[in-house]
Amino acid sequence: MIALNSPLKPDLNKLQKLLEKVSDSGWYTNFGPLHQELTLKLEDYLGVQNLLLTNNGTSALQVAAKAIGSQSFLITPFSFVATASAFKWQRDEVAFADIDPNSLNLSSLAVDNAYREGCTADTVVATHVYGNPCDVYSMDKLAKKHGFRLLYDAAHAFGINLNSKSVLEYGDASTLSFHATKIFHTVEGGAIVFKDNDIFEKAKEMINFGIKTGVGVVGVGINAKLNEYQAAVGLVNLEGIDDILSHRSELFYSYRKGLEDCVKLPDWHPQANVNGAYMPILLESEEQLKKISNLLCENNIESRHYFSPSLNNVFVDSHDYGSVNSVSASKRVLCLPLHANLSLDEVKKVVKIVREGL
Ligand SMILES: *Cc1c(COP(=O)(O)O)cnc(C)c1O
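Taking this note's numbering, the leading residue of the sequence shown gets -18, the next gets one more, and so forth.
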């Protein structure tokens, strides 16, 4: 069987050594030594500052938004459900604007139009979907023009640079997910990268019940801390991450080369590297999608129809500025197998079957 995904398995010998350290010190959570080490190593690896580890990518979104002072959101409808449910859960005001049909990322034109039509959301939430960067330059301009804050859901964008600068440096904050299904993981976990150091410090208190170290409770908080066991998994997984990203990128390019003449592929940002997080293809219709996914299934190859449904059709009580492109893409997008244990030969096999089906 060719699996859609295969989680990174941390080396158990290395992991045991780190867990023994935790047992020896008895420091299991609350910003312990492994947490500190992982923070520094991730900042260094990703080329960012003000990185705050969290217990998952959903709480990262919630905390980031609270820290930058957001209460109402204009969100991309083409993303994993958490991008919107993180805010719906808190009864925050949520609205949707459409995506660009070629990149599948939130469209700057649609955002501009939404604000012209009277959108009052204080924050725009855009996902770098499948690890493909949004049009961050246009979004920056619009943020200034309409006075909104920018929060990027960068759960898929681990290791992505735009013109050699980390994509996590754009906007007021960017969030990552380190869930076991993501390229780099801590079993469950996440992070926020803040532009502003004071806001970063505030968020650090927020994820620890609003407690400022050495002072006491200084505000309302939640518990969103990553623990030492999770940090240990992260430290072990980070050691081999370069090889994994380059292998996945190679597979991604091989897929694209094998399929570009026969199926629509999302346009990738020309100034960005790729991380091979996902391999989405856009079929012509729902029928064609079913045909291809069934054919793959018959050949013991997993594929997944996501992201679907479009989030404006999930949260129907939220205002929708018109998400036709997102609804259309959601019906036709299929992700092919892509993970660290996949071989180039297996990619060729999948490509052959998709081509036959088309
Ligand atoms: C995985 C994911 C999340 C949620 O992250 P968790 O760590 O699972 O809470 C949020 N947004 C996107 C786009 C994701 O893919």
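Ideal placement from N, C-alpha and C gives every residue a C-beta, glycine not left out.
Proximity test, glycine 171 beta-carbon vs ligand 1 heavy atom, cut-off 7 Å: Here residue 171 is taken as the residue at index 190 of the sequence shown, counted from 1. Correct: glycine 171 has its Cβ closer than 7 Å to ligand 1.
Inside the region 117 to 157 only - alpha helix (DSSP H) runs reaching at least 4 residues: 117 to 127
Three-state class that DSSP yields for isoleucine 352 in the structure shown: Any answer about residue 352 is impossible in this case: the structure gives the chain only from -18 up to 339.
Contact check, serine 40 vs alanine 161, beta carbons under 8 Å: Here residue 40 refers to the residue found at position 59 of the sequence shown. Here residue 161 refers to the residue found at position 180 of the sequence shown. No, they are not a contact pair.
Segment contact flag, the region 114 to 129 with the region 65 to 76, C-beta cutoff 8 Å, min 3 pairs: no
Among Ser158, Ile173, Glu169, nearest to glutamate 150 - alpha-carbon criterion: As a first step, residue 150 is located in the sequence shown; it is residue number 169 there, counting from the start. Ranking Ser158, Ile173, Glu169 by Cα distance to glutamate 150 puts Ile173 first.
Any heavy atom of ligand 1 within less than 6 Å of residue CB: hits in chain order: Asn37, Gly38, Thr39, Ser60, Phe61, Ala63, Thr64, Thr108, Asp134, Ala136, His137, Ser158, His160, Gly171
Local conformation of serine 60 per DSSP, three classes: The residue you call residue 60 lines up with position 79 of the sequence shown. Shown here, serine 60 sits in coil according to DSSP, grouped into three states, outside any helix or strand.
Whether asparagine 254 touches arginine 229 by CB criterion (8 Å): Taking the first residue of the sequence shown as position 1, residue 254 is located at position 273. Taking the first residue of the sequence shown as position 1, residue 229 is located at position 248. No.
Through-space distance from glycine 28 to glutamate 18, alpha-carbon basis: If you number the sequence shown from 1, residue 18 lands on position 37. If you number the sequence shown from 1, residue 28 lands on position 47. The alpha-carbon atoms of glutamate 18 and glycine 28 are separated by roughly 15 Å.
CB contact flag (alanine 184, valine 297, <8 Å): Position 203 of the sequence shown, counting from 1, holds the residue named residue 184. Position 316 of the sequence shown, counting from 1, holds the residue named residue 297. No. Outside cutoff.
For alanine 154, the nearest candidate out of Asp5, Ala321, Gln30, Gln(-3) (CA to CA): For the purposes of this step, residue 154 is identified with residue 173 of the sequence shown, where counting begins at 1. Of Asp5, Ala321, Gln30, Gln(-3), the residue nearest in Cα terms is Gln30.
Reduced DSSP category for serine 66 - H, G, I as helix; E, B as strand; rest coil: For the purposes of this step, residue 66 is taken as the residue at position 85 of the sequence shown. Helix at serine 66.
Any 3 or more C-beta pairs closer than 8 Å across the region 188 to 196 and the region 281 to 298: In the pairwise beta carbon analysis, the region 188 to 196 is classified as not touching the region 281 to 298: fewer than three pairs are separated by under 8 Å.
Whole-angstrom distance between glycine 200 and glycine 112, CA atom to CA atom: Here residue 112 corresponds to residue number 131 of the sequence shown, with the count starting at 1. Here residue 200 corresponds to residue number 219 of the sequence shown, with the count starting at 1. Roughly 35 Å separates the two Cα atoms.
The region 323 to 336 touching the region 86 to 97, judged by at least three CB pairs closer than 8 Å: no
Close Cβ partners of methionine -18 (< 6 Å) along its chain, the five nearest in sequence each way excluded: Walking along the sequence shown from the start, residue -18 turns up at place 1. Excluding positions up to five away in sequence, the list reads Asn281.
Given isoleucine 180 as reference, the closest of Glu268, Thr35, Gly50, Thr20 once Cα atoms are compared: If you number the sequence shown from 1, residue 180 lands on position 199. Proximity to isoleucine 180 across Glu268, Thr35, Gly50, Thr20 peaks at Gly50, based on C-alpha coordinates.
Where glutamate 169 falls, given that 16 or more other Cβ within 10 Å makes a residue buried: Taking the sequence shown and counting its residues from 1, the one referred to as residue 169 is at position 188. Glutamate 169 should be labelled buried.
Coil, strand or helix - arginine 285 by DSSP: Along the sequence shown, one-based indexing puts residue 285 at 304. Looking at arginine 285 - three-state DSSP - the assignment turns out to be strand.
Under the three-state DSSP convention, the category histidine 300 falls into: Translated into the one-based positions of the sequence shown, residue 300 becomes position 319. Three-state result, histidine 300: strand.
Proximity to lysine 163 [Cα-Cα], best of Ile225, Ala258, Ala78, Ser147: Numbered from 1 along the sequence shown, position 182 holds the residue referred to as residue 163. Here the closest residue by C-alpha is Ala258.
Exposure of aspartate 134, with buried meaning 16 or more beta-carbon neighbours within 10 Å: Looking up residue 134 in the sequence shown gives position 153. Taking all protein chains in view, the Cβ of aspartate 134 is crowded by 16 or more other Cβ atoms within 10 Å, so the residue is classified as buried.
Unbroken beta strand (DSSP E) run spanning cysteine 243, endpoints: Translated into positions along the sequence shown, residue 243 becomes position 262. That residue, cysteine 243, is in no beta strand (DSSP E); it is neither H nor E in DSSP.
Cβ-based neighbour list, serine -13, same chain, cut-off 6 Å, excluding 5 preceding and 5 following: The residue given as residue -13 occupies position 6 in the sequence shown. Closer than 6 Å at Cβ, skipping near neighbours: His320, Asn322.
Buried or exposed (CB count within 10 angstroms, at least 16 for buried), leucine 341: Because the chain is modelled from -18 through 339, residue 341 falls outside the range shown and cannot be assessed.
Cβ pair phenylalanine 54, valine 106 closer than 8 Å: Residue 54 sits at position 73 when you count from the first residue of the sequence shown. Residue 106 sits at position 125 when you count from the first residue of the sequence shown. Cβ distance < 8 Å, so phenylalanine 54 and valine 106 count as in contact.
Buried or exposed (CB count within 10 angstroms, at least 16 for buried), glycine 171: Within the sequence shown, numbered from 1, the residue matching residue 171 stands at position 190. Burial call: buried.
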